[in-house]
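Below: one structure, written as structure tokens.
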Amino acid sequence: MRYSIFSLAKAALSGHKGWTRAWRDPQPKKHYDVVIIGGGGHGLATAYYLAKEYGIRNVAVLEKGWIGSGNAGRNTTIIRSNYMLQGNVGFYELSMKLWERQEQDLNYNTMVSQRGIINLYHSDAQRDAFARRGNVMRINGIDAELLDGEQIRKVLPFLNYNNARFPVMGGLWQPRAGTARHDAVVWGYARAADSFGVDIIQNCEVTGFTRDQNGKITGVETARGTIGAGKVGMAVAGSTSRVAAMAGMRLPIESHVLQAFVSEAIKPLIPGVITFGAGHFYVSQSDKGGLVFGGDLDGYNSYAQRGNMPVMEDVCEGGMALMPMIGRVRLLRQWGGIMDMSMDGTPIIDKTPIDGLYLNAGWCYGGFKATPASGLVFAHLLARDEPHEEAKRFRLDRFRRGAMIDEKGQGAQPNLH
Amino acid sequence: MAEYSWEVRSPLRNAFAPGRLGLASGDAGIALAEISDFSLVQVMARRGQVANVAKAAKKAWGVLPPEKPAAVVGKDATLIWTGPDQFFVLTAGSVPDPVPPLAVIFGGAASLSDQSGGRCLIRLSGSKVREALAKVSSVDLHDTVFPVGAAAATSIDHTGVNLWRGPDAADGHPAYSLLVFTSFADSLWHTLADAAAEYGVEATRTPLS
Amino acid sequence: MSRTSQISGDAAPLAFNDNPAADSRQPRSISTGTQSHRLSSGGQIDRKQPLGFTFDGKKMVGFAGDTLASALVANGIKLVGRSFKYHRPRGILTAGAEEPNALVELRGGARREPNTRATTTELYDGLAAESQNRWPSLRHDVMAVNSLFSPIFVAGFYYKTFMWPAKLWEKLYEPAIRRAAGLGKASGAADPDHYEKAWAHCDVLVVGSGPSGLAAALAAGRAGARVILAEEDSRLGGRLLSENGEIDGKPVAEWLAGAQREIAALANIRVMTRTAVFGVYDGGTYGAIERVNDHVPVPPAHQPRQRLWRIVAKHAVVAAGAIERPLVFPGNDRPGVMMASAVRSYINRFAAMPGRQVALFTNNDDGWRTAEAVQRAGGAVAAVIDSRGAAPERYRGLSAKLLGGVVSAVNGGVDCVRSIVVRDAGGRTQQIETDCLAMSGGWNPNVALSSFHRGRPVWRDDIAAFAPGQCPPGMVMVGAASGDFSLAACLREGHAAGEDAAKACGAKGKAGEAPKGDDEVFAIKPLWHVEGGKAFVDFQHDVTASDVKLAQREGFESVEHLKRYTTLGMATDQGKLSNVNGLALMAEATGRSIGDTGTTIYRPPYAPVAIGALAGHHRDENFHAWRLTPSHHWAAERGAVFVDTGLWKRAQWYPIDGEKDWLESVTREVLAVRNGVGFCDVSTLGKVDVRGPDAGIFLDRLYINTFSNLAVGKARYGLMLREDGLVYDDGTTSRLAEDHYFLTTTTAKAGPAMQHLEYCRQVLWPELDVQLTSVTDQWAQFSIAGPNTRDLLKNLCDPSEDLSNEGFPFMGVREVSLRGGMRARLYRISFSGEMAFEIGVPARYGEAMAENLMRAGAEFGVTPYGTEALGVMRIEKGHVAGPELNGTTTADDLGLGKMMSKKKDYIGRAMAGREALTAPDRQVVVGIKPVNKTNRLRSGAHIIPKGAAPGPETDQGYLTSVCYSPMLGHWIALALVERGRERHGEIVRAYDPLRGEDMDVEITSPVFYDPEGGRQRG
Amino acid sequence: MRIACPFCGERELGEFTYLGDAAPKRPMAFAADGAEQPEAQDLFFDYVYLRDNVAGDMTERWYHGGGCRSWLTVTRNTTTHEIKAVHAAPGAGAQKRTKAGATS
């Protein structure tokens, strides 16, 4: 059923009894052309673009729990394309362009809200680094502005300009950045993929791979039986190493916990997304009114989806240092997501050395904003067996070749990215 | 030719003037003192030399160096545990280079580094000293866990410190000593004074005796 | 499970149980005046201490001991707020932290606190509260029009609309939604109050001081354990403060007083009231928030508003009680509908009668207590509606009108209930006049703390609720929190858990006997939903029973989908009241059991915590600690401008009178050095004593070049890689003795490098005998540079010191005697490219050194210089620094590839050889000069070949470090440029669209000044 | 999280920094004269980049930088954060010279 104000008004007349499932609840078939492991945003988007752009519709998305239960449902909803290194720049801008038409594509209001992002700087060195970045963005046709202290004061009058330990000197602004309603992105892709005939199968944990005598992947073993597949794509960020281990692969990935926080809902206070890199803090305000914020990784390997107090305190200290007006606003919830931290802070989208097995992984803490482009380029790879133009640098062998894409320059130390 | 003099300056010279800080009424709950005129040398045993280092220390100061986090008071020196097989030798009086006499004591058994300029010594005591320290230190200072003589290499304000409990003060309240990095001293002093402010603070400067 | 009995159809005359526990056997009358609903006696309020307060500007009076909510109840106020979505009028629903409706903006100005629960706000004299989420007034809220659209504004409606035209989302739809959403308004001004954090340690942490918690604390305390008893309320007692009954044969109030005396007498029990334990973290660390001064208008001087506690406990006994569950029936949200247990709290604890004709709607025995309490206090019970159809045995003697059936409608105005409609099993209805409807849908054990580590609560049919599942290590749940609701069970379990925990911690004392109480039966027959109209599940978020069913129809069947799609349980009460009802309705809709349906994941904090408290002392200038250099105060007294470098504050330049900007000052400083002599405090560089017989071998493995062959008395520049082959850090290392090297790092890497060195020593190469000591803070180190350096040093040093080129050659190091009786380490090294030395003395002589350098150099016009001039001179010399050592450059990129030894292993050697790291088209360090010498270069501009359009394929590098060169008289830069070393002399574009600049520049050697290096060797 | 430092006793998480899996061992990929062995890049690639990323008990390197500056080998469950064992690194303190590459 197509969604619109008219269908909504019409449904209201019948007490909304007429709405049907947003996506079906099918029994798994014996065989699919493509099986995607992972019913998060990336997996569902991959299925959607496989069906829509590449005409491959005999596709199943297998989700061990409920769709969106991983990082798609735990992130801080920021979308942006303010990257600096070749490989990232074009890819994230492709994603931004897909965000900009997503609601109309999917017929689902994912609340893509381009209220802008400002990365604050507090020293000449940070300003210079942002100038380098902003110029890369402009050279690649991406919107970016370098704001000075006075300009920041006009748009963010509530920051601490009086007695800050690290005074705000300016910021890099990307006006087209913003936020999207994370759960709605999952549901929107699920509904749209389903409408093309993609089977979304929840509560279907993958427990192993089936392979032929040549070692080629022929399907997956699941909690709901063996499912045959022409190709298998993994989109299980956070659990990539665990699934890859079933196929005998070791990867340049560690799983780390990243916490996120939301405050009680308050009336509009913060216009867009603000990042305070010097203080390990970033924040936006949701449409519902909660301040959604976060900071650094807890810093140790974890699959526990919860963090500890030092980082919670560190993040709140950053928040108070930046905008001491939030002192009396209350933290409502804290949670943790498991980040697929790659060794250079950049994702991996590639064929694996195992025939028939494809990898979409290593999203670090940047997976949400990548959702549409990740789906599109992974669908391309699965359909064409060659990387999409905007993902050709996200190869698995780049570490062996020394062609890392390391925006932070931290090297093979995942907890520092 | 101009005269050259080499006056020692405290890293806390701008942080406070002796007197009352924080709550102005009633008895001060905290005595906060900068202790000056000391020498401090880091002693690290070389591999396999722990026993020889202990022997040398015993001979020099009459006590064995601490094998666990503790501060041991010997003749003319306090030996403060800083890590496995390493300790500080704290002595009264400021000299330009306290290492040579210790090099004689330890011979080749230990590596020595002067830290007299690298640390600032602060002493805290008073009826509310534990309450104030609980705001800055994660170490359990309960009598049963941290008795007189106990020491800890720990952090305050994300900064490494050496904390130990000396003999109780004359008024019967516990007294804690804190060695902090010189460059952080001004900042940490403010943190300590803030933590203690609600109890009233008597701030002083005293040479190490 | 409920026994049947005859429904009494008619109201019977009031009769009171003859209960010796009651404060007064006589019915109490309701007082008049502003406190129209205040009982004339009883309660734990102090009638001698009246407190004035205002709500929406209206002046009222309450008493000490009141909460804002109880004072409002006493004053007959029922309408206190508006709901989130439909802006429906709402009243006080509870008497605790689970309150979803009675949220106010407390205080004013910069201290305004939005979304503050009236039910947990202690009343103080002068308290001012405003209702929120309404305009223009609480009674007449224009946004209540939303309620008219409620047929359209169902769960998730916004996902289906507002999509066309796309541009209108940010411009129209979203701003409107954002304005309508949210609840209270934050002040928008910096919080003027102070917060702090503290640590506490104990053997046994007892959370909650109701009967279970008190019994646990007493048992553990008597046994001799170190106990912390944390209670979120201002006083101990928990539900004992609100209920009648007996413990050990005494009225609860008397027993409670005795227990408090005993606790106070036990030195090993620390009582923390107004302290809510909000989370449990790994290793037995509990987060708690103490509301130190929320019960006064403004915190006293030097005291915090709130204090964050990290309580480290070996064991925890969680006696957090249970939360009464609402019933889901049409009209259940109207002001005047209140939880039955809250009605008892207001009567028994606060002596405030919520209604003159109280009706009770229950599905369990416990709700009946409220009818009893109302009558005991002299109030009137309009009717008891028990969906089970019969009075429990225990309450048979209660003479009140008993109706079997359900409440199917609630009638009344914006601010109160006037009547209810009761529908019996046969569908017959009757109307009951009432101004307060108490409801009880059973009790939910407060399992939150048990579930924060993913312990899944377990459904129990006997209590129709989830009980705790697997608790985090070291924690036990007791009493009502564990699903055992009787007073006797609470006391028994609490005592046993306290005793066990103490024993497990090694306590040897006797815990004594468990207190004894009434073992009342708790019987319930679930009633999840009464059909017939808008029945609210989540009050604050306006999620109705039909929303839950809609979510199910659309496939949002997982409880997490239900939560996210409908926003059920995401309000400020975190679903404390709504979650179980919501998932029971989902279970009903899907045909699964409630247990199989499961709960959503519980997340901390248990109750919302002020962000200010989580930050504590760390805000404003105290956000991070600061580090001062040995000459800081001296520099400050000379008017230096300081710059933050990591945590350090460094002198950036020293302006003098008449200079119009920083550039003028810096240029003067550079020229003073290049033409005379200057000095700079460089103590921030990391300094490490590397000692021991294997120190040389250790450094060989650490650096790409060799140090074991460095002669004593010599210094050498060294470069370290990371194990991935990229440059990590650089610095000069000197050999002071056969077994003693003095290593320096960059300022930025001082900490991490020390960690790295220790890793190498302790983990990688334990076979080496080497000791490492950070001496960064020990040494005040100054760079003295310029052609007159040697002259200055002659004045400073003892005349016996030979400072000639022969006596002290370039890269030489030794200890020297200074005039006035000081020893110093002198290093002949140069960052500026000038004739230069670095001199080091213990940090406590740092200020004296600055003064003596001024004295010794006075005749040469010695000039102190800051980091800016230091930077200019290193760029002029083409020395790389932070902007070039950016974690993505190789030694060869920096022009230092020749230093890489082939004769030894060292960190990073193998990985440095990878193809992409040795490719010919890498970006390498070059110099950049503007073609038009009047042009200013800017760091961050990109290099584009002449004639090419800027784009990803033509972006060949960027300017890393830029300065105005006083020696060259124009701006210069270092840059990383593709194949840069082959392109010296080429003209390219420095393209800077961010700042609207685009100019021709020339690629040059990075060494702009004295390329032969004669000056530093002279 | 709290880690029981074998030297200092139990301390809070904030005093420690994390490096990662202790399982990878630095390869000996160079001959005595410094010549690089042919397989050096493969061995180091594996050491520097590939991880088991264990879900369960894992031995890890932690540094007690906010305390005694000892490197520790910690066995910790990555799904529950439970710490099962803590040992000092082989070269902590002044223990006698230990064979190169040995770990505890």
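Protein chains in written order, with the UniProt record's numbering: chain D, 1 to 417; chain E, 1 to 209; chain S, 1 to 1018; chain X, 1 to 104. C-beta atoms are modelled at their ideal positions from N, C-alpha and C, and glycine is treated no differently.
With DSSP collapsed to three states, give me the class of residue i.
{"i": "residue 315/S", "result": "strand"}
{"i": "residue 51/S", "result": "strand"}
{"i": "residue 38/S", "result": "strand"}
{"i": "residue 286/S", "result": "strand"}
{"i": "residue 794/S", "result": "helix"}
{"i": "residue 347/D", "result": "coil"}
{"i": "residue 120/E", "result": "strand"}
{"i": "residue 204/D", "result": "coil"}
{"i": "residue 429/S", "result": "strand"}
{"i": "residue 423/S", "result": "strand"}
{"i": "residue 407/D", "result": "coil"}
Against chain X, does residue i count as a neighbour if the rule is that its beta carbon must be under 9 Å from one of theirs?
{"i": "residue 196/S", "result": "no"}
{"i": "residue 259/D", "result": "no"}
{"i": "residue 147/E", "result": "no"}
Could you name the residues of chain A that residue i contacts, counting a contact when the two beta carbons are closer than 8 Å?
{"i": "residue 71/D", "result": "Looking at the structure shown, chain A is missing, and the protein chains on hand are D, E, S and X."}
Quick check on residue i - is its C-beta less than 9 Å from some C-beta in chain D?
{"i": "residue 23/S", "result": "Reliability fails at residue 23/S, whose pLDDT of 41 lies under 50, so the model's placement of it is uncertain and the value that follows must be treated cautiously. Cβ-Cβ to chain D under 9 Å: no for residue 23/S."}
{"i": "residue 183/S", "result": "yes"}
{"i": "residue 18/X", "result": "yes"}
{"i": "residue 281/S", "result": "yes"}
{"i": "residue 28/X", "result": "no"}
Please confirm whether residue i has its beta-carbon closer than 9 Å to some beta-carbon of chain S.
{"i": "residue 17/D", "result": "yes"}
Could you name the residues of the same chain whose beta carbon sits closer than 8 Å to that of residue i, not counting the 5 residues immediately before and after it, in chain order?
{"i": "residue 47/X", "result": "24, 25, 26 and 27"}
{"i": "residue 585/S", "result": "328, 528, 529, 537, 545, 548 and 549"}
{"i": "residue 280/D", "result": "295, 296, 314, 315 and 318"}
Could you name the residues of the same chain whose beta carbon sits closer than 6 Å to that of residue i, not counting the 5 residues immediately before and after it, in chain order?
{"i": "residue 935/S", "result": "999"}
{"i": "residue 278/D", "result": "122 and 166"}
{"i": "residue 241/S", "result": "349"}
Excluding the five sequence neighbours on either side, which residues of its own chain have a C-beta within less than 7 Å of the C-beta of residue i, listed in chain order?
{"i": "residue 576/S", "result": "98 and 323"}
Are the CB atoms of residue i and residue j nearer to each other than 9 Å?
{"i": "residue 475/S", "j": "residue 316/S", "result": "yes"}
{"i": "residue 799/S", "j": "residue 828/S", "result": "no"}
{"i": "residue 599/S", "j": "residue 686/S", "result": "no"}
{"i": "residue 165/S", "j": "residue 135/D", "result": "no"}
Indicate whether the contact test is met: 3 or more Cβ pairs, each with one atom in the stretch 692-705 of chain S and one in the stretch 717-729 of chain S, closer than 8 Å. Taking 8 Å as the limit for Cβ pairs, the verdict is that the stretch 717-729 of chain S does touch the stretch 692-705 of chain S.
Taking contact to mean 3 or more Cβ pairs, one atom from each stretch, closer than 8 Å, check whether the stretch 476-496 of chain S and the stretch 206-222 of chain S are in contact. yes
Touch test, the stretch 81-95 of chain E against the stretch 672-680 of chain S, Cβ-Cβ under 8 Å, three pairs minimum: no
Do the stretch 186-198 of chain S and the stretch 606-624 of chain S touch if we need at least three Cβ pairs shorter than 8 Å? yes
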